[in-house]
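Quick note on numbering: the sequence shown equals residues 348 to 505 in our numbering.
Don't be surprised by glycine CBs; every beta carbon is placed ideally from N, CA and C.
The model shown is predicted, which means the values in this text are computed figures rather than measured ones.
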Amino acid sequence: MKICRHPRKSKEEAYRAFTSRQNKTFHKKFSEVPTSQRIIFVPHCMRKTQVCKAVEKDGYYCCARCGACKIGAIAKLADSLGYPPLLILKGGRAILRIVKEAKPRAVVGVACFFEGDQAFRMLREYDPAIAVQFIPLTKDGCSDTDADLGEIGEKLKI
Ligand code: SF4
C-alpha cells in the first residue's frame with residue numbers, strides 16, 4: 348500500500364532528524380569549549396517588535412533586556428554563565444560573516460528547523476571544528492515566535 352505524506356511535514360521531519368544527529372555529534376566537543384569562546388544566536392522573530400528596545404547593528408540586534416520577550420531572560424542567563432553578549436539575527440545569512448569576525452570555537456543557535464539545518468551545513472562547510480548546538484523554536488513563523496527557556500538554559504549550561 349502506498350502511503351501519502353504531506354511534503355512540508357516530511358521535510359520538517361528530515362530537518363528535525365538531521366539537527367538532532369548533529370547536536371549529538373557535537374555535544375561533547377561543545378561541552379569542552381569555555382562559554383567565553385562560544386557565541387549565541389537567537390532569531391529576531393522572538394522579539395516583541397511593538398516595544399523592543401534592541402539596538403540595531405549590521406545584520407543583527409543587541410538586546411536591551413527590556414524584559415518584554417524571552418530573549419531578555421536568555422541574555423541575562425548567558426551573561427551569568429560568562430557568554431559574550433548574544434546576537435539577535437535578522438537572518439541566517441549574517442551567521443557566516445559574524446563567525447568569521449568573532450572566531451568562536453562553539454556556536455549555539457535558536458531557530459526554526461529549516462534555519463537550524465541550514466546553519467549546521469553552512470558552519471560545517473566553513474569550519475568543521477566549530478562545535479554547534481541547536482535549539483528549535485517551539486512556535487515558528489515570521490513574528491511572535493517562541494522557544495522553551497528550560498531547554499535553552501540546559502543547553503547553555505552544557
Ligand atoms: S527583551 Fe530584548 S529582544 Fe526582547 S523585546 Fe526587550 S529589548 Fe527586544
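* Classify Val398 as buried or exposed, calling it buried when 16 or more other Cβ atoms lie within 10 Å of its own Cβ. => Counted from its first residue, the sequence shown places residue 398 at position 51. That one is exposed.
* Local Cβ density within 10 Å of Arg394, reported as buried at 16 or more and exposed below that -> For the purposes of this step, residue 394 is taken as the residue at position 47 of the sequence shown. That one is buried.
* **For Asp495, three-class secondary structure by DSSP** => Looking up residue 495 in the sequence shown gives position 148. Coil, per DSSP.
* Asked: Which residue from Cys392, Leu433, Gly429 and Lys404 puts its Cα closest to that of Arg507?
  -> No statement about residue 507 is possible, as the shown extent of the chain runs from 348 to 505 and does not include it.
* Nearest-angstrom Cα distance between Thr485 and Ile435? -> Position 138 of the sequence shown, counted from the first residue, corresponds to residue 485. Position 88 of the sequence shown, counted from the first residue, corresponds to residue 435. Rounded to whole angstroms, Thr485 to Ile435 spans 17 angstroms at the Cα level.
* To do: Quick one: residues in its chain with C-beta nearer than 6 angstroms to the C-beta of Leu470, no 5 flanking neighbours on either side, listed in chain order?
  => Indexing the sequence shown from 1 puts residue 470 at position 123. Within the same chain, Leu470 has close Cβ partners Ile477 and Val479.
* Beta carbon shell of the ligand SF4 at less than 5 angstroms from a heavy atom -> Arg394, Lys395, Cys399, Lys400, Ala401, Cys410, Ala411, Cys413, Ala415, Cys416, Ile418 and Gly419
* Whole-number beta carbon distance between Val454 and Lys502, since they are thought to touch under 8 angstroms -> Within the sequence shown, residue 502 is the residue found at index 155, counting from 1. Within the sequence shown, residue 454 is the residue found at index 107, counting from 1. Not confirmed; about 12 angstroms, so no contact.
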